[in-house]
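Numbering (my numbering), first residue to last: 1 to 350.
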């Protein structure tokens, strides 16, 4: 693979310096405010590959979100979706512009851009987890309503807000998403190929300004919408005369929440399997060697090795069958000769 250009290496070095900051000092635009533990090793490994650097990431998450009010409601749920501040939606120029603006921001400025509290045009995170949620519901007093900061639907729901001011509570599962900057399209191609092969089928190259601008670099978005899960589970019930105060009230049963959580946990497992396949394929395509076998499940076999093994088994079976046929034919010829000799011994002279 070609050598990355100098400008890319400068940009990569700055990003790596930001990532090297201790967790307690590091901040970004996500609700969590730091790189997810479940994806930290993958990010480290990708950043060791020449010509690649991660610009944003999310290991996947389960969340319960209360919509904000007014304009911008559609973007409430995806706010803070990925660490390191690049946009998930929007055009290529917006992504590059946000990265350039981020370079000039202080940690304090970054921290205040996303506030996980209520308010006009801003929603509120009632619950966020970047790993499967395992709780013992057999313990007395344990409930998903409490975990998700929801008021149970027991009793009357009460009046629903008029259209336009209705604030819904949504349960979400969102799979892994990565933004990886590449030094060139040649460096980006293995990333995209590995992503689609691993099951992240909505992956693509988001920024092609590099075709006209030597200071811009392609960005590969590794993502899959097929695993995503969303369900409306409640709404905001405000106090009379004050739209900003009130409670997030559930509209579903505890059993329904358990079903949603079980489905999300199962998708987390699929998400993890795809992530491992992505890294194994990326190593194979970018570095010319298979992925780390130690991270694979017992019994995993490289597709090429399996093809060769099956071919060898077929050749051995064919050879054995051929030898058996020759042996049977040889025995048949011997028996025929014996019968001829026996028949001749019975002939008496006239």
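Ideal Cβ placement from N, Cα and C applies to all residues, glycine included.
C-beta contact flag for residue 145 and residue 229 at 8 Å: With contacts defined by Cβ atoms closer than 8 Å, residue 145 and residue 229 do not form a contacting pair.
Top-ranked residue by Cα proximity to residue 10, from 313, 320, 182: 182
Closest by C-alpha distance to residue 197, when choosing among 58, 267, 283, 251: Among 58, 267, 283, 251, the Cα nearest to that of residue 197 is on 283.
Residue 314, buried or exposed, once every other Cβ within 10 Å from all chains shown has been counted against 16: exposed
Residue 127 beta carbon less than 8 Å from that of residue 63: A contact, by the Cβ cut-off of 8 Å.
Under the three-state DSSP convention, the category residue 281 falls into: helix
Local conformation of residue 232 per DSSP, three classes: strand
Residue 281, buried or exposed, once every other Cβ within 10 Å from all chains shown has been counted against 16: buried
Touching by the beta-carbon criterion (3+ pairs, under 8 Å), the region 217-236 and the region 248-263: yes
One or two residues paired with residue 168 in a DSSP bridge: 235
Helix, strand or coil at residue 252 [DSSP, three-state]: coil
Any 3 or more C-beta pairs closer than 8 Å across the region 203-211 and the region 37-45: Result no; under three Cβ-Cβ pairs closer than 8 Å.
Run of the beta strand (DSSP E) containing residue 178, from where it starts to where it stops: 177-182
Sub-8 Å separation of residue 220 and residue 188 beta-carbons: yes
C-alpha gap between residue 136 and residue 267, whole angstroms: 20 Å
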